[in-house]
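Just below is one structure, and these are the notes that go with it.
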Amino acid sequence: MARKDVLGRTGEQLAVDHLTALGFAILDRNWRCSLGEIDIVAREAGTTVVVEVKTRGGVGYGHPFDAITPVKLARLRRLAAAWCAEHGPVDDLRIDAVAIVANRDGVVVEHVRQVA
Amino acid sequence: MAVARTRAVALTGVDGALVEIEADLANGLPAFTIIGLPDAALGEAKDRVRAAAANSGVDLPSRKVTVNLSPASLPKHGSGFDVGIAVAALATTGMLDLDRVADTVHLGELSLDGRLRPVAGVLPAVLAARRSGARLVVVPWGNRDEAELVPGIRVEGAATLRDVLALHGAELDPPAEPVEPIASPPLTDEAPTAGDLSDVIGHPEAIEALQVAAVGGHHLMMLGPPGAGKTLLASRLAGLLPDLGPDAAIEVSSVRSLAGLGVGSRLITRPPFEAPHHSATMASLVGGGSGLIRPGAVSRAAHGVLFLDEAPEFSGAVLDALRQPLETGEITIHRARTVARFPARFQLVLAANPCPCGQAGTGDAECTCTPNTRRRYLARLSGPLLDRVDLRLTVRRVSAVQLTGEAEGALTSAQARDRVVAARERTRARWGDEGWMLNAHVPGTPLRGPKWRLAPGDRALLDRALERGAITMRGYDRVLRVAWSIADLEGDDRPRAEHVGRALFLRKGI
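Top line first, the protein sequences correspond to chains A and B.
Counting with the working numbering, you get residues 1 to 116 for the letters of the first sequence.
Counting with the working numbering, you get residues 1001 to 1510 for the letters of the second sequence.
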């Protein structure tokens, strides 16, 4: 695996740990369809949450959240709909974003709810 | 989450209103939104602010920042809000003293490297801030001198965004290398000194009329063939006017600042002289423009001289647009979303040839114009406009005799100005208590009232002209005002028959 993929994998595991600690139940990881991939699907207090995880080795090229563009958000919405179509309807759905910046100083996890 | 506030000034004309800049930091994907009726230049502020903050070593928060400029209904123009927006946005992170930030007015544009660029209109903006009760205003280093002209408000000149942040209590590492502040653009010359009155050869009656005009604030028209010296004479008028008083100096300097001409470290004290070319458009003369409304020539000439050379060549509509400011001393420009007010109490000087070929009545060449052409030419100056001109003068070509005769002992501008200052002193002593500083501003009723009425013998000539129908009632009052100016210039208490006669001649001299 390339270095960036290892970083991404590690980041997703950190995100899962973070969400589990917050009391999220993880339903699915790396769910794929023809539209693309959802990093994490979880459930928090009756709401199904589609989580996009962005991991960076530093902020030299911008904050990880800066990489979540309107185009990406639109694709996440379509992916969420596709996931629901396969797993049956849900009452409440939202999309969260988790940013992980890992550098020599340590790891910072940021979690923003309801980004779309 | 966190909300921070600071203040800036939105200018319309020379009036300014305080604008509150609120910034809100919310959880969400990084975004930077400016709302509250910004124009294009202001909408671009977000990119300048982001780059300037990053290059100052303080990144904007990677969350959703919303900046609101309130009142949202007031249109806001230009880049002068950059600093306020940056400070409000950064204050949401808690790095600044919120109370201090909220009490401060910020003016200035940001450059991408984080330095503060000077902006136009700082003087009227600081005046507006003081009027609204602000106590501290932060301006770009290059505007510091101009802002400090306003007493009663603390001014801080900042070279960089870091300086501004440090002023509000941010703890930053010292910069790696000293920063060179952005200087204000070099001053364009204050009213280029237009030669001396002693350069004028001959024309004793015109020189006298110029002084009368300077004493009483009378508008002046000169008619004469090409080469007679009309332009030369008109350009000397500003030199005869006394220095500006404190209020006038602030108004003149404010307009200069708005026009982007720069003010420098002291108020302008000499009356301005504006001579627009006859191709001038309505907007260039009275002010205007879409979006940001800019002062026109009449406002730049406020408290000074507006000289229209070749007056009949101006478009009729443009000339008639002068009527309202001539009457009220200010110009209000209305746009769908805003009304801008500028000062426009100027002294009008018109110069014209008697006909298109310019030779009518000169005696030294034949006029080739038909009577109808000649009539039409001067008819371009509308009656209502000419009616506001108190002094009408025919200027003749200088003869060889005059050229060799009287070069010695010619009146200099300084001497003439001393006479004018002394005469204005007499005017003020007489009418200052009533609030009229110049003879041209005195209403007709008191002029004819029992207190200031002239003795019947002194005004007989004028009464006869009125009876004959040679002048109108308004003309009667105007001749009286000029007569008072002549008397003031000569140092007499009251106009005598001789002064009235000369005033009547100056009114009807064409």
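Beta carbons: idealized from backbone N, C-alpha and C, even for Gly.
Cβ pair residue i, residue j closer than 8 Å
i	j	result
B/L1308	B/F1314	yes
B/L1237	B/A1259	no
A/G57	A/A99	no
B/F1346	B/P1295	no
B/V1252	B/L1240	no
A/I40	A/L79	no
B/H1441	B/L1348	no
B/V954	B/V1150	As displayed, chain B neither begins before 1001 nor continues past 1510, which places residue 954 of chain B out of reach and without an answer.
B/A1128	B/G1016	yes
B/A1045	B/L1161	no
B/L1060	B/R1050	yes
A/I68	A/E52	yes
B/L1461	B/G1501	yes
B/V1139	B/G1108	yes
B/A1249	B/M1282	no
B/L1167	B/H1203	no
B/I1021	B/G1084	yes
B/S1079	B/L1037	no
A/G36	A/R75	yes
B/A1052	B/S1111	yes
B/S1299	B/I1331	yes
B/H1077	B/A1008	no
Residue i CB to nearest heavy atom of the ligand FMN below 7 Å
i	result
B/Q1211	Ligands are entirely absent from the displayed structure, and the ligand FMN is therefore not among its contents.
Limits of the unbroken beta strand (DSSP E) element including residue i
i	result
B/N1068	1064-1070
B/F1342	1339-1343
B/K1451	Taken as a continuous stretch (DSSP letters only), B/K1451 belongs to no beta strand (DSSP E), as it is neither H nor E.
B/C957	With chain B covering 1001 to 1510 only, the question about residue 957 of chain B has no answer from this structure.
A/C33	25-33
B/T1580	Here chain B has residues from 1001 to 1510 only, and residue 1580 of chain B is not among them.
B/M1222	1220-1223
A/G36	36-44
B/D1097	No beta strand (DSSP E) holds B/D1097; DSSP gives it neither H nor E.
Residue-chain proximity (residue i, chain B), Cβ-Cβ < 8 Å
i	result
A/F24	no
A/A2	no
A/R9	no
A/T18	In the sequence on display, residue 18 of chain A carries His and not Thr. No, A/H18 does not count as interfacial toward chain B.
A/D105	no
A/I40	no
A/R94	no
A/R113	yes
A/A97	yes
A/A45	no
Residue-chain proximity (residue i, chain A), Cβ-Cβ < 8 Å
i	result
B/A1191	Confidence at B/A1191 is low in this model, with a pLDDT of 49, below 50, so the placement of that residue should be treated as unreliable; the coordinate-derived value is given next. No, its Cβ sits nowhere closer than 8 Å to a Cβ of chain A.
Host alpha helix (DSSP H) of residue i (start-end)
i	result
B/Q1347	Run containing B/Q1347: none in the alpha helix (DSSP H); it sits in the beta strand (DSSP E), 1347-1352.
B/K1046	1045-1055
B/I1268	Neither: B/I1268 is in no alpha helix (DSSP H) and is coded neither H nor E.
B/A969	No answer is possible for residue 969 of chain B: the residues shown for chain B start at 1001 and end at 1510.
Environment of residue i [buried if 16+ CB atoms lie within 10 Å]
i	result
B/N1353	buried
B/N1439	buried
B/I1293	buried
B/M1222	buried
B/D1082	buried
B/R1063	buried
B/P1175	exposed
A/K54	buried
B/Y1377	buried
A/V6	exposed
B/N1143	buried
B/H1277	exposed
B/G1316	exposed
B/E1274	buried
**Item:** Against chain A: residues of the stretch 1061-1086 of chain B by CB proximity under 7 Å
**Value:** S1062
**Asked** the stretch 1025-1038 of chain B: which residues have C-beta closer than 7 Å to a C-beta of chain A, in chain order?
**Response** N1027, G1028, L1029, P1030
**Prompt:** Can you list, in chain order, the residues of the stretch 63-77 of chain A whose Cβ is nearer than 7 Å to any Cβ on chain B?
**Reply:** H63, F65, D66, I68
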